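Per my numbering, residue 5 is the first one in the sequence shown, and the count goes up by one each step.
Virtual Cβ for every residue (Gly too), placed ideally from N, Cα, C.
Since the model is a prediction, treat every value here as computed from it, not as a measurement.
Below is one structure; the comments refer to it alone.
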Amino acid sequence: MPLGTLDRSAPTLFKHGPSALSRLTLYSALALFLMVADARFHVTEPLRKAVATVLYPLQWLMLQPVELAGKGAQYFQSLQAAQQGVDAAQKKMAQMSVRAGEAEQLLRENAELRQLLALRARLDTPAQAAQVIYDTADPYTRRVMLDRGQLAGVQAGSPVVDASGVLGQVTRVYPMLSEVTLLIDRDQAIPVLNLRTGARSVAYGDPVAGLGGGMELRFTPGNADVQQGDVLTTSGVDGLYPPGLPVARVVHVERRADSTFARIYCAPLAQVYGARHVMVLKPLVHELPPRPEPEPAPQKRGGRK
5 MPLGTLDRSA PTLFKHGPSA LSRLTLYSAL ALFLMVADAR FHVTEPLRKA VATVLYPLQW
65 LMLQPVELAG KGAQYFQSLQ AAQQGVDAAQ KKMAQMSVRA GEAEQLLREN AELRQLLALR
125 ARLDTPAQAA QVIYDTADPY TRRVMLDRGQ LAGVQAGSPV VDASGVLGQV TRVYPMLSEV
185 TLLIDRDQAI PVLNLRTGAR SVAYGDPVAG LGGGMELRFT PGNADVQQGD VLTTSGVDGL
245 YPPGLPVARV VHVERRADST FARIYCAPLA QVYGARHVMV LKPLVHELPP RPEPEPAPQK
305 RGGRK
């Protein structure tokens, strides 16, 4: 005890309280009592609610980083899934577009083949089907290559037609291929007949002809009866093209007072650009029977008197 104080209590050395075992027993019994009372009578329910209410803001604040991290991961996963879905949809659309183009091309080729079959049934000249495989690389000519050649019986000079009319003429023949010069080539010419008037003329190719034309009727008198819309067919006088095949349509007639001849532009009826399936006809000159040779005059027997 400090000196000068009025405290007369016994020092702590001499104080005796409950032992540790007693306290353990007491606390254990109290805990058991509280558990039984809470299980049977829900004694601590208000206390738990009060503690939960007080601790809820702290719990919510502590859980926010975890929820934000989960939402961020979910957002990126959904974004990746959406991007994958967009890529798959675009790929599928591209495939469908390709298939639609192929189907449209097949339908067009089927229609062309049907027209060629109908044309072949109307022709009396022997013909065989061929396919255009590519255009020639010469920029100054208008020629295409066919997948038929000498082995298939193609001959030089054979007319080539499609379902709409005359396309051109075979100018070179190889064993497996053949070259066709189109009607619009500047070196190509074809005798034609005007169906309306019956007048014969010659149509020349002109790849740079204006006013929508690719051919021109040259050396036609200015007063000739030719009108826009006249249909020209093969006349058959050249011995190569069968008569009556559609060739071109007159698109413009230009008559000038200072010129003797009229300028007549024509548009080919055949599909000179983009034709794929054609018919190769046999030239008429090979179908004509050979001209019989005249028999030698009989010699008179006997000599001069």
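My output table needs one value for Gly172: the three-state DSSP class, helix, strand or coil.
Three-state result, Gly172: strand.
Would you check if the region 89–106 and the region 241–251 touch, i.e. whether three or more CB-CB distances between them fall below 8 Å?
Verdict: no, contact absent.
Express the C-alpha separation of Lys53 and Leu67 in angstroms, rounding to a whole number.
Distance between the alpha carbons of Leu67 and Lys53: 20 Å.
Using the Cβ count rule (16 or more neighbours within 10 Å means buried), how would you classify Asp166?
Result: buried.
Nearest-angstrom Cα distance between Met219 and Gln159?
So the alpha carbons of these two residues sit roughly 25 Å apart.
I'd like the list of long-range same chain contacts for Gly161, defined as Cβ closer than 7 Å, with 5 residues on each side in sequence excluded.
Excluding sequence neighbours, Gly161 sits near Gln173, Val174, Leu244, Pro287.
Start and end of the alpha helix (DSSP H) containing Arg342?
Outside the shown range of the chain, which is 5 to 309, sits residue 342, and nothing can be said about it.
Between Thr201 and Pro225, how many whole angstroms is the CB-CB distance? I'm expecting something under 8 Å.
That pair is no contact at about 13 Å.
Report the three-state DSSP secondary structure of Tyr277 (helix, strand or coil).
Coil, per DSSP.
Please tell me whether Ile194 and Asp262 are closer than 9 Å, where the distance is taken between their beta carbons.
No, the pair does not count as a contact, with Cβ atoms beyond the cut-off.
By alpha-carbon positions, which one of Arg222, Val136, Leu83, Tyr208 ends up nearest to Gly278?
Nearest of Arg222, Val136, Leu83, Tyr208 to Gly278, Cα basis: Val136.
Measuring only the C-alpha atoms, how far is Arg152 from Ala141?
Distance between the alpha carbons of Arg152 and Ala141 is about 19 Å.
Tell me the rounded alpha-carbon separation between Tyr269 and Met149.
In a straight line, the C-alpha of Tyr269 is about 27 Å away from that of Met149.
Is it right to say Thr29 is buried, meaning 16 or more other beta carbons lie within 10 angstroms of its own, or is it exposed?
By the neighbour-count rule (16 or more Cβ atoms within 10 Å), Thr29 is not buried but exposed.
Taking only the alpha-carbon atoms, compute the straight-line gap between Leu72 and Ala85 and give it to the nearest angstrom.
About 20 Å.
Closest by CA to Leu285, which one among Asn227, Ala156, Arg222?
Cα-wise, what sits closest to Leu285 is Ala156.
Using only the alpha-carbon positions, how far apart do Val212 and Ala134 sit?
In a straight line, the C-alpha of Val212 is about 28 Å away from that of Ala134.
What's the C-alpha gap between Trp64 and Lys75?
One C-alpha to the other measures close to 15 Å.
Report the option in Val230, Gly209, Asp229 whose CA atom is closest to the CA atom of Ile188.
It is Gly209 whose Cα lies nearest to the Cα of Ile188.
In its own chain, which residues sit with a C-beta less than 6 Å from the C-beta of Glu291, not counting the 5 before and 5 after it?
Reliability of the predicted coordinates at Glu291 is poor, the pLDDT of 49 falling under 50, and no value is obtained from them.
Check Pro61 in the structure and name its three-state DSSP category.
Helix.
What's the call for Arg260, buried or exposed, on a 16-neighbour Cβ count within 10 Å?
Exposed, because fewer than 16 other Cβ atoms sit within 10 Å of the Cβ of Arg260.
Mapping DSSP to helix, strand and coil, what is Met180?
Note: Met180 maps to coil in three-state DSSP.
Starting from the C-beta of Thr314, find all residues in its chain whose C-beta is less than 6 Å away, skip the five residues before and the five after it, and write them out in chain order.
What the structure shows of the chain is the stretch from 5 to 309, and residue 314 is not part of that stretch, so it cannot be assessed.
Please go through the same chain and pick out, in chain order, the residues whose beta-carbon is closer than 6 Å to the beta-carbon of Asp234, but skip the five residues on each side of it.
Hits under 6 Å: Asn198, Arg200, Val254.
Taking just the CA atoms, how far does Arg103 sit from Ala93?
Each residue's alpha carbon lies about 15 Å from the other.
Taking all protein chains shown into account, do 16 or more other C-beta atoms lie within 10 angstroms of the C-beta of Glu183, making it buried, or fewer, making it exposed?
Buried is the call here.
Could you have a look at Ala207 and say whether DSSP puts it in helix, strand or coil?
Residue state, collapsed to three classes: strand.
Grouping DSSP H, G and I as helix and E and B as strand, with all else coil, what is Gln135?
DSSP places Gln135 in strand when its eight states are reduced to three.
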